[in-house]
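S.K.: Counting from 1 along the sequence shown, just add 494 to a position and that's the residue number in the working numbering.
Once you've had a glance at the structure underneath, I'll fire off some questions.
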Amino acid sequence: AEIEAKIAAAPVALPESPEAEADKYLPVELTGRFQPGLLRVLVSQKHVGAGYRIISPFETEEGRRVLLDRGFIRIDGEMRAPPTGPVEVIGNLHWPDDRNSSTPENDLAENMWFARDIEQMAGVFETEPLLVVVREMSPEDTGATPLPVDTSSIPNDHLEYAITWFSLAVLWAAMTGLLIWRMRQPAKGAET
């Protein structure tokens with residue numbers, strides 16, 4: 495509930511020096527212009543199929559350059575340019591951890607990304623290592639459907655852990671009970 499409230503809170507100006515732990519999911523408001531270039535991150539959406547998250551460089555009115563996660567397009571969708579001119583964006587700061595042991599390396603030559611590696615993306619576009627995931631944009635970006643940050647992508651394994659540990663405790667108690675019962679039984683073949 496705390497994370498949901500933070501995600502949906504009123505947006506603030508982009509912090510001067512945001513920190514990943516303290517400012518994760520912080521809603522921010524930016525005004526600026528898209529810069530040339532985009533990165534395609536391969537993803538899959540339920541009920542839609544394969545597609546790309548579109549990441550573009552964005553320069554704020556204050557002259558800061560950040561990464562903007564514009565949203566999703568289908569793999570066979572038309573790649574449209576972002577809005578030209580001044581754009582107002584409301585989104586959330588995010589430092590995603592998309593990479594695991596089975597994630598392939600990003601293919602920069604083919605512009606095929608398999609994980610949102612913020613440091614690497616910032617290096618490509620010479621931006622700050624900051625990603626803003628778009629929630630709303632004015633004028634609207636017709637080139638991508640926003641995929642705002644929500645709690646569905648945040649792992650919450652507490653129930654699974656509770657069930658696992660409770661099951662282990664029950665199994666341990668049953669095995670201990672069986673051991674005690676067997677120790678109290680007379681040995682087979684023992685004379686009474």
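Glycine included, each C-beta is placed from N, C-alpha and C at the ideal position.
If you're wondering where the values come from, they're calculated on a predicted model, not measured in any experiment.
1) Bridge partners of GLN614, per DSSP?
2) Does the Cβ-Cβ distance between VAL626 and HIS588 come in under 9 Å?
3) If you run the structure through DSSP and keep just helix, strand and coil, what is HIS541?
4) Kindly give me the distance between the Cβ atoms of THR639 and ARG559, rounded to whole angstroms, as I take these residues to be in contact under 8 Å.
5) So does the segment 663-677 actually touch the segment 589-601, counting three or more Cβ pairs closer than 8 Å?
6) In chain order, what residues of the same chain lie with their CB nearer than 7 Å to the CB of LEU624, ignoring the 5 residues before and after it?
7) Tell me the rounded alpha-carbon separation between TRP607 and ASP563.
8) Which residue marks the beginning of the alpha helix (DSSP H) containing ASP517, and which one marks its end?
9) What number of angstroms, rounded off, separates the C-alpha of ALA503 from the C-alpha of GLY545?
10) Mind reading off the beta-carbon distance from ARG534 to ILE584? Whole number of angstroms is fine, and I expect it under 8 Å.
11) Measure from the alpha carbon of PHE528 to the alpha carbon of each residue in PRO680, THR554 and MET677, then state which is nearest.
M.R.: Per the coordinate set shown:
1) To locate residue 614, count along the sequence shown from 1; it is residue 120. Partner(s): none; GLN614 has no beta bridge.
2) As a working note, residue 626 is residue 132 in the sequence shown. As a working note, residue 588 is residue 94 in the sequence shown. Their beta carbons are under 9 Å apart, which means VAL626 touches HIS588 by this criterion.
3) Position 47 of the sequence shown, counted from the start, is the residue given in the question as residue 541. Assigned with DSSP and collapsed to three states, HIS541 falls in coil, not helix or strand.
4) Your numbering for residue 639 matches position 145 in the sequence shown. Your numbering for residue 559 matches position 65 in the sequence shown. Rounded to whole angstroms, the Cβ separation of THR639 and ARG559 is 24 Å, and the two are not in contact under 8 Å.
5) The segment 663-677 vs the segment 589-601: no contact.
6) In the sequence shown, residue 624 corresponds to position 130, counting from 1. Hits under 7 Å: PRO512, VAL560, LEU561 and LEU587.
7) Within the sequence shown, numbered from 1, the residue matching residue 607 stands at position 113. Within the sequence shown, numbered from 1, the residue matching residue 563 stands at position 69. For TRP607 and ASP563, the distance between alpha carbons rounds to 13 Å.
8) Here the question's residue 517 lines up with position 23 in the sequence shown. Counted as a single uninterrupted DSSP element, the alpha helix (DSSP H) harbouring ASP517 occupies residues 514-517.
9) By one-based count along the sequence shown, residue 503 stands at place 9. By one-based count along the sequence shown, residue 545 stands at place 51. The alpha-carbon of ALA503 is positioned some 29 Å away from that of GLY545.
10) On the sequence shown, residue 534 is found 40 positions in, with the first residue counted as 1. On the sequence shown, residue 584 is found 90 positions in, with the first residue counted as 1. The C-beta distance from ARG534 to ILE584 rounds to 23 Å, too long to fall under 8 Å, and the pair is not in contact.
11) On the sequence shown, residue 528 is found 34 positions in, with the first residue counted as 1. With respect to the C-alpha of PHE528, the residue from PRO680, THR554 and MET677 having the closest C-alpha is THR554.
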